[in-house]
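Residues in the sequence shown are numbered consecutively from 604, following this note's numbering.
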Amino acid sequence: MNPRLTNVIERSKIVIVCGTGGVGKTTVSAALALHGATQGLNAVVVTIDPARRLAHTLGLDNLPNRPQQIDPSLWQPHLAHSSQGASDDVAAASAHTDSSSTAGATAGTFWALQLDAKATFDDLIRSQSENPAQAERILANQIYRNLSGALGGTQEYMAMEKLYEIESSQQFDLIVVDTPPSRHALDFLEAPGRLNRFLEHPVTRLLTAPTRLYLRAANRAMMGLLRAMSRVVGAEVVEDAVAFFGAFEGMEAGFRQRASRIEAVINSSDTSFLVVTSPRQDSIEEARFFGRRLRETGQKVAGVIVNRVHPRRTDRTAEQFAADKETSETDPTLRAAVDNLARWEALAAREQDQVSGLVADLGATVTVMIPQFGREIYDMASLNHMSESLFAGGEK
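Below you can see the structure in the form of structure tokens.
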């Protein structure tokens, strides 16, 4: 077993997995959570990937916005199929923990969810509103509907909100977060700070106090600005915007406090960052970009996971391969085999050089190389294989 990667999982409550698209980041995230479950942890993977591939891999048609327990018989083949079925209630994790301790079971639980930004935003509004009427005013507002349904920015903040919600529940020992592709992952990590700055802006504070806005003569300048805006975008849009901000009156402190707590979770020593990449040059550069930006925020990359690597098959040098080709001149089949192996080894050597440079740049203490599989990860058996490969000592 890979001791260093195992140590990252053991010391972390939250593992944030970053990387560009198309490198198997979602699959790696699920494999990390699966490993945690096999080690006796209550583990959940949170994905932002809208594709249903992960759900299908886990034996589900789709993933909900709340943690869904994966049938233990799917990832613990020795269990009877009569074992307790899946549940979509987070509270069931606690019940499982209590019952498993009395039953002497050593296995943990494996859960998954797919972020629904709109549903998460709606739940947040309901939980932070002073009363149901205030929540309904916000949810019915056209500005809110447009904002909560947009992908840009909202999704990243809601991902952090969902992370905070799950972490605060105290139901999970390990939370693995599959972030958006690299550059969007930066938005993901910076979202709480941006929200705090937005809430502290004088204009926002003024607009969220409608009583003061309309009754104080000192706000005449603001009213003049709103009238000017209405001539450009239309009075109805401005009225919706004023009503939207006004409906948030009294909620700003709760949002600020929540955003600050989310930042504290991100910066906690219980949170680790892993970068997933492939040995392709463009993926390496994306990983390097993210690692540098992450370092600028004061975070460290705990490890680099390189997926779809061509492993070395031999320790022969280029000169030795050249000699092999000369001795195989009279045998076309042998020469083709030597050529093929030489090309493979040259590719593997280039990949190792690129990965070594990335690891040096990021200062990662853990590097895991996952070999190119002959098939896609499409079911629990292949996900188990991926998980085993992660922790099988493939460290370089």
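For glycine and all other residues, C-beta sits at the position ideal for the given N, C-alpha and C.
Hey, how far is the Cα of residue i from the Cα of residue j?
i	j	result
P606	G906	12 Å
I673	G711	11 Å
L608	V971	8 Å
H913	D934	27 Å
T650	S985	19 Å
G853	A722	22 Å
R896	S886	16 Å
E929	T917	19 Å
A862	E979	38 Å
R614	P882	28 Å
T757	Q860	18 Å
A949	A926	16 Å
A890	V611	19 Å
G662	V647	15 Å
L937	L944	11 Å
D781	A940	40 Å
V962	Q955	10 Å
Q679	N744	47 Å
L727	F858	9 Å
N665	R655	6 Å
L677	G625	26 Å
S702	A867	Model confidence at S702 stands at a pLDDT of 39, short of 50, so the residue's coordinates are unreliable; what they give is reported in the following sentence. Taking the straight line from one Cα to the other gives about 32 Å.
S732	E855	10 Å
Q957	P784	20 Å
A952	S959	11 Å
P675	G643	12 Å
S875	Y760	19 Å
Q773	W947	48 Å
Determine the DSSP secondary structure at residue i, reduced to helix, strand or coil.
i	result
V647	strand
Q944	Reading off the sequence shown, one finds Leu at residue 944, where the question assumed Gln. Helix at L944.
L965	helix
L877	strand
A890	helix
L666	coil
I973	strand
Q671	strand
V626	coil
I980	coil
L777	strand
N610	helix
Q642	coil
D652	coil
A824	At A824, the pLDDT of 49 sits below 50, so the modelled position is not reliable and the matter cannot be decided from this model.
S872	coil
T700	Because the pLDDT at T700 is just 43, under 50, the model does not fix this residue reliably, and the value given afterwards should be weighed accordingly. DSSP places T700 in helix when its eight states are reduced to three.
F924	helix
D956	helix
Starting from residue i and walking both ways along the alpha helix (DSSP H), at which residues does that stretch end?
i	result
P675	675 to 678
I869	855 to 869
D726	720 to 731
K616	Element bounds for K616: n/a, residue is neither H nor E.
E932	E932 -> no alpha helix (DSSP H), and no H or E assigned at all.
E852	Premise fails: E852 is in no alpha helix (DSSP H) and is neither H nor E.
P735	735 to 743
A762	757 to 772
For residue i, which option in the options has the closest C-alpha, if you only look at C-alpha atoms?
i	options	result
C621	I612, V631, R614	V631
G977	M989, M983, T968	M989
G901	S871, V878, G853	S871
D942	I619, G894, A762, R919	R919
L993	G639, A926, A846, M761	G639
A1058	E759, T660, D725, L950	Only positions 604 to 999 of the chain appear in this structure, which leaves residue 1058 out of reach.
A735	M761, D776, A850, N749	The sequence given here places Pro at residue 735; Ala does not occur at that position. The shortest Cα separation from P735 among M761, D776, A850, N749 belongs to A850.
V779	S931, L877, E733, F893	L877
L965	P675, S771, R898, Q773	R898
L637	L777, E759, P667, S771	L777
L718	R740, P667, I746, N749	P667
Locate the beta strand (DSSP E) running through residue i, then write down its first and last residues.
i	result
A905	904 to 912
L716	712 to 717
Just confirm the distance between the C-beta atoms of residue i and residue j, as a whole number of angstroms; I'd bet it's less than 8 Å.
i	j	result
I769	P670	7 Å
V879	K628	4 Å
L766	A715	With a Cβ gap of about 14 Å, L766 and A715 do not count as contacting.
L792	I908	Between I908 and L792 the Cβ distance is about 18 Å, and since that is not below 8 Å, they are no contact.
R911	I973	7 Å
M763	I619	No, M763 and I619 are not in contact; Cβ-Cβ is about 10 Å, not under 8 Å.
T660	D982	6 Å
For the ligand GDP, is there a heavy atom less than 7 Å away from the beta-carbon of residue i?
i	result
K721	Of ligands this structure carries none, so the ligand GDP is not represented either.
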